[in-house]
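Numbers 13 to 483, taken from my numbering, label the letters of the sequence shown in order.
Beneath this line is the structure, given in structure tokens, with notes to follow.
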Amino acid sequence: MTNLPTIIAAIKDAVGPKGYMVDIRLMAPHLAEWRDAYQGMTPIVVMPENAGELAAVVKICADAGMAMVPQGGNTGLVGGAIPSEAGDQVLIKTSRMNKILSIDPLDYAITVEAGATLAAVQDAARNADRLFPLSLAAEGSCEIGGNIATNAGGVHVLKYGTMRDLVLGIEAVLPNGEIWNGLKALRKDTAGYDLKQLFIGAEGTLGIVTKATLKLFPTLKQTETAFIAIESPEAAVNLLARLRELSGDTVIAFELIPRIALQMVLDHIPDTRDPLADEHPWYALAELASPDKNANLRGKLEESLADALERGLLRDAALAESKQQRGALWRLRESISEAQKQEGGSIKHDIAVPPSKIPEFIAAASKAVEQALPGMRPVAFGHAGDGNVHFNLSQPKNMDKAAFLARWEKINRIVHDITVEMGGTIAAEHGIGRRKRAELAHYKSPVEIAMMRTIKAALDPQGLMNPGKVI
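Pasting the structure below:
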């Protein structure tokens with residue numbers, strides 16, 4: 013590696029005085045993960061203003077053999093955007109590259125820089141009477157580049173798919189400093205390999221996304237939301253099927269919530285209340301939406317719920333009567349993770365199984381972890397419509413937090429074994445990062461791992477782009 017001061021001086025020259033930080037006090041917020049599970053070090057945080065500056069920085073690092081770690085809004089949960097503790101990796105933030113470059117309502121496409129926040133993209137689409145449907149709890153701070161790098165999903169995957177389904181084209185800086193321009197608004201292109209897919213879900217290990225052209229959809233003119241009491245996850249799966257059939261497949265979100273999760277929110281999150289008069293073992297938060305202002309979604313929702321009641325699929329329901337009430341219902345769902353933090357340590361799993369397998373998975377995994385550690389409190393919630401379950405485990409009451417968290421890998425293996433046996437995945441939404449790298453190697457076949465390593469070696473032969481992550 014070239015002399016470090018020489019590398020840092022060259023990087024500073026490439027980005028100018030506004031494009032870097034070296035003061036540890038200023039860098040500190042970018043060196044810790046949201047859950048504080050990972051704390052890294054770096055000699056410099058680089059903040060390029062455009063793809064040209066970023067390419068120059070990458071070229072400097074590549075020529076010097078200096079490793080790089082890309083970072084967007086730093087909302088990740090698996091350590092994928094945090095540099096190593098050794099302090100020998102350059103942290104590259106895309107936050108200054110945040111422009112909305114163009115929007116074409118006729119093409120139903122928007123082109124943005126990687127540092128644009130998800131909320132900014134949503135707003136730009138809305139101002140053009142269009143919809144960008146990706147929706148996450150962190151949408152005010154997460155960035156499009158990070159959403160692409162992790163193949164983000166969120167609450168609307170049921171209707172619109174993951175980020176992989178929403179990207180039309182990208183521009184990226186390759187590990188050698190070259191810029192690949194794959195920005196296109198095409199819906200159909202069979203001319204060879206679909207290269208953009210290499211960078212979606214790669215967590216910055218194959219290059220750094222700098223721009224993206226994204227799909228837009230018609231603006232939703234009607235939205236109806238219901239908080240529904242149900243007996244079990246089995247009832248939830250069957251209820252969703254009926255809602256989709258009877259509503260003309262207008263369900264855009266369907267979230268599963270256990271009573272323990274709702275109770276944690278009511279206990280720890282101010283200004284929240286139970287939407288229903290009585291307590292129930294499980295709940296579903298269902299949302300229907302349509303671009304047709306004459307769709308009569310309210311009537312369809314009421315008819316669907318009446319049908320479900322006759323079939324024994326629900327116990328009670330509360331329908332939002334206003335935008336404010338809708339927001340209050342969603343706040344119950346979106347506050348679960350924050351509320352669970354107040355209950356002590358939590359061992360988390362971001363898995364997915366086929367939706368029909370959700371009841372079997374929750375039952376089997378809950379039984380297994382409770383046998384492994386009596387008093388364990390499973391909190392299984394998430395996106396039932398696409399099979400993504402956040403199977404989070406709160407520590408037994410009165411147990412030492414550190415002692416509980418020390419069981420993380422053992423408990424992970426129990427839950428992940430069950431997941432894979434049911435045809436599922438150990439990483440549905442948050443990616444692999446550092447946390448799940450060993451698990452990925454354990455569960456992927458040798459052929460899959462070899463294919464991934466071949467792609468990595470072809471694009472990043474020096475292994476400098478986000479090393480130690482994914483593979």
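Quick reminder that beta carbons are idealized off the backbone N, C-alpha and C, glycines included.
Keep in mind it's a predicted model, so treat the numbers as computed, not measured.
Residue environment: proline 95 is assigned as buried (16 or more neighbouring CB atoms within 10 Å of its CB, all protein chains considered).
Between valine 27 and valine 70, the gap from beta carbon to beta carbon reaches 8 Å or more. As for any beta strand (DSSP E) of minimum length 3 sitting wholly inside the stretch 188-264, the runs are 191-194, 220-227 and 234-242, ordered along the chain. Out of Lys448, Gln209, Thr231 and Thr237, the CA that lies nearest to the CA of glutamine 336 is found in Thr237. In the structure shown, histidine 442 adopts coil according to DSSP, grouped into three states. Nearest Cα to isoleucine 104 within the set Met39, Ala150, Ser114 and Tyr50: Met39. For tyrosine 172, the uninterrupted alpha helix (DSSP H) run begins and ends at 169-172, by DSSP. Lysine 379 is classed as exposed because its beta carbon has fewer than 16 other beta carbons within 10 Å across all chains shown. Shown here, phenylalanine 144 sits in coil according to DSSP, grouped into three states, outside any helix or strand. Straight-line spacing of the CA atoms in leucine 228 and arginine 142 works out to 6 Å.
When secondary structure is reduced to three states using DSSP, serine 358 falls in the strand class. Cα atoms of glycine 127 and alanine 462: separation of roughly 32 Å, rounded to the nearest angstrom.
Spanning the alpha carbons of isoleucine 348 and valine 133 requires a straight line of approximately 25 Å.
Rounded to whole angstroms, alanine 384 and asparagine 306 show a C-alpha spacing of 53 Å.
Each residue's CA atom was taken as its position, placing asparagine 424 and leucine 113 some 42 Å apart.
For glutamate 183, the CB contacts under 8 Å within the same chain, skipping 5 residues up- and downstream, are Ala63, Ile191, Trp192, Asn193, Gly194, Leu195, Val221, Thr222, Lys223 and Ala224 in chain order. Note on proline 29: under 16 other CB atoms within 10 angstroms of its CB, so exposed under the neighbour-count rule. Collapsing the DSSP output to three states places threonine 54 in coil. Contact annotation: isoleucine 272 and arginine 389 have beta-carbon atoms nearer than 8 Å.
For arginine 138, the enclosing alpha helix (DSSP H) has its first and last residue at 130-139.
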